[in-house]
Structures are given as structure tokens and as C-alpha cells.
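Q: Encoded as C-alpha cells, here's the structure I'll be asking about.
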Amino acid sequence: MAWSVRAGLVVLLAAASIGASAREGVEVAPPSIASNLVSAEQVERSAAQQYAQLLAQAQAKRALAPSSHPQLIRLRAIANRLIPHAYEWNPRAREWQWEINLIGSNQINAFCMPGGKIAFFTGILEKLKLTDDEVAMVMGHEMTHALREHARAQMGKDAATRGAIEIGSALLGLGNLSRAALGFGGDLLSLHYGREDETEADLIGLELGARAGYDPHAAVTLWQKMASASSGGGAPEFLSTHPARETRIHDIETNIPKVQGLYERAEKPSKRFEPVSEKD
Ligand SMILES: [Zn+2]
Numbered sequence: 002m003a004w005s006v007r008a009g010l011v012v013l014l015a016a017a018s019i020g021a022s023a024r025e026g027v028e029v030a031p032p033s034i035a036s037n038l039v040s041a042e043q044v045e046r047s048a049a050q051q052y053a054q055l056l057a058q059a060q061a062k063r064a065l066a067p068s069s070h071p072q073l074i075r076l077r078a079i080a081n082r083l084i085p086h087a088y089e090w091n092p093r094a095r096e097w098q099w100e101i102n103l104i105g106s107n108q109i110n111a112f113c114m115p116g117g118k119i120a121f122f123t124g125i126l127e128k129l130k131l132t133d134d135e136v137a138m139v140m141g142h143e144m145t146h147a148l149r150e151h152a153r154a155q156m157g158k159d160a161a162t163r164g165a166i167e168i169g170s171a172l173l174g175l176g177n178l179s180r181a182a183l184g185f186g187g188d189l190l191s192l193h194y195g196r197e198d199e200t201e202a203d204l205i206g207l208e209l210g211a212r213a214g215y216d217p218h219a220a221v222t223l224w225q226k227m228a229s230a231s232s233g234g235g236a237p238e239f240l241s242t243h244p245a246r247e248t249r250i251h252d253i254e255t256n257i258p259k260v261q262g263l264y265e266r267a268e269k270p271s272k273r274f275e276p277v278s279e280k281d
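Taking the numbering used here, the leading residue of the sequence shown gets 2, the next gets one more, and so forth.
Structure (C-alpha cells):
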């Protein structure tokens, strides 16, 4: 490598590290390169199809909340405060057709599919009696899975495994059978995220919420509520796709000071909504 190029690189790296340390907020590793194996457009298109299917199914069962539903108005108000802070984590998010819907179901669950397709189930709002701050923390966590393309990375890893299987099948003369059996994409709704993705979603979610004016301490009470719901029998569905980590609450607590200043200086929501009770 020529000296000038090397010197240039050193300057660039120094600039990058200064930039990183000067940033206020949580610290996370760079996104997984596995996501490069599958195109973002492809993942977002397939998510949009699955989301539309889910809404159609809910609609057919009269379980899709109309825009006038007070809890849907509440979810959309909270999402509108969070979304502008999402762009920093994924520039494509500016172009996404963000959607927020509420589905009538006892499940303690919520998700955000690639491309910004968000759904909450009434069960999570009712059974956990989430405050606005806690709703913002769930939403921020879920939005992070989409923003950091955790599904895309996982599909990339699957594609890489499939590639290896295809090479293996070719060597063994097995033909296309195993390839056909594996299929593409899988079900975006039932993806299980790994430990690192979960940590990242907790931390970036904390920051998204804080910047939007929601108290980051709500992330602690949220996971405490999840834990007590699971000890009372019938574990929340949310926990089946979001593996619980023993250190989760502790990790969140140690990161709150990093976003506390952002929260204190953030413009706070002008309207607050009451948590729902099961009778509503
Ligand atoms: Zn998660």
C-alpha cells in the first residue's frame, strides 16, 4: 500500500473513531454483513405481502381495529414521535411506507416487520397495562429489528447455509430435492432473533424512545411486566420470539445513563394516554 493511501486511511479511521466517541447515545456493533446476501428490496417486498395477508385475515375475523379506535390512535401518535429518529439507523427508512395497526387478540405480542410494518395485539396493551412510555419502548425495540435488518441478516445466513447444502447435494448427486424443501424466505412473523440482535434492539429502542421524549426507565418496568406475566402461567408470545436473557434488565439499567440526557432535553409528548384496563 502506498504511503499516501495508508496515511489517508489512518486519518479516515481516526476521524471515524472521533465521530463514534462524540456521538451521544448507546453504542452498538456495525450491522451484520450477512444481510448483504439478500437484497433489502426483496425482504421488504415479502414483508409487505405477509403484512397485508395478516391484516386481511384479521379483517375477515373482524379483529382489525378501525382508524377511529382509541388505542390505535394512541399507537399511531407514539409511532409518529419515534419514526423521525429512526432514519439515523437506516436511511432507507425515510422511504418506507410505515404502517401501524392494532389486532384484536389475547396474545401478548407486537412486531415491526422489515420496511416499517408495525402491529400490536390488544393482549399486550390490556394484559400488561402498558403506559405510553412502555409502549414506546416495545415499539422502539421492534422498530430496531426492522431498522438494523435483523430479518435480512438471518435470511442471508439461511441463504449461505442453503448454498452450502446445494454444493453438498451436488457432490452427492442429490439434485434439487433438498433445495426445494428448504424454500426461500420463510415466515417473517415467526423469526427468532439471536441474543446479539435482542441486545441491540433493547439499546437502540431505548435511545429511540428517549429521543422521542419517552422515559427510558419504562424499558425496565416493561420487561418486569413481561416476566411477571410469564410467571403467572401462559408465557407471553412476545417472549417466544424474543428469547429472555438473564442480564436483560441489568443491561438496560446500565445503558439508561447514556440516553438520560437525550430524554431530559427531548420535547415531551403534549398528549398522554391512559393505560387500558381489560374492561375497556
Ligand atoms: Zn426483539
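Yeah, the Cβ is synthetic: ideal placement off N, Cα and C, and Gly gets one too. None of the values given here were measured: they were computed from a predicted structure.
1. When you compare the CB positions of L148 and N102, do they come within less than 8 Å of one another, or not?
2. Helix or strand or just coil, what does DSSP make of I119?
3. If I measure Cβ to Cβ from G176 and keep anything under 6 Å in the same chain, skipping five residues before and after, which residues do I get?
4. Count the CB pairs spanning the segment 137–145 and the segment 216–223 that are closer than 8 Å, and state whether there are at least three.
5. What span of residues does the alpha helix (DSSP H) with E254 cover, start to end?
6. For a test of the three-state rule: what should DSSP assign to N102, helix, strand or coil?
7. Is Y88 near ligand 1, in the sense that its beta carbon is under 7 Å from a heavy atom of that ligand?
8. Who's in the neighbourhood of ligand 1, going by beta-carbon under 6 Å from any heavy atom, listed in chain order?
9. Do the CB positions of H285 and G206 come within less than 8 Å of each other?
10. How about G105 and V260: are their beta carbons less than 8 Å apart?
11. In angstroms, rounded to a whole number, what distance separates the CA positions of A41 and S47?
12. Please name the residue, chosen from R82, H146, L55, that lies closest to F122 on a Cα-to-Cα basis.
A: On the basis of the coordinates in this document:
1. no
2. strand
3. Residue placement at G176 is flagged as unreliable, the pLDDT there being 42, under the threshold of 50; the coordinate-derived value follows with that caveat. If we look at G176 and ignore the five residues flanking it on each side, it has no Cβ neighbours.
4. yes
5. 249–266
6. strand
7. no
8. H142, H146, Y194, E199, A202, H243
9. There is simply no residue 285 to check, as the chain begins at 2 and stops at 281 in what is shown.
10. no
11. 10 Å
12. L55
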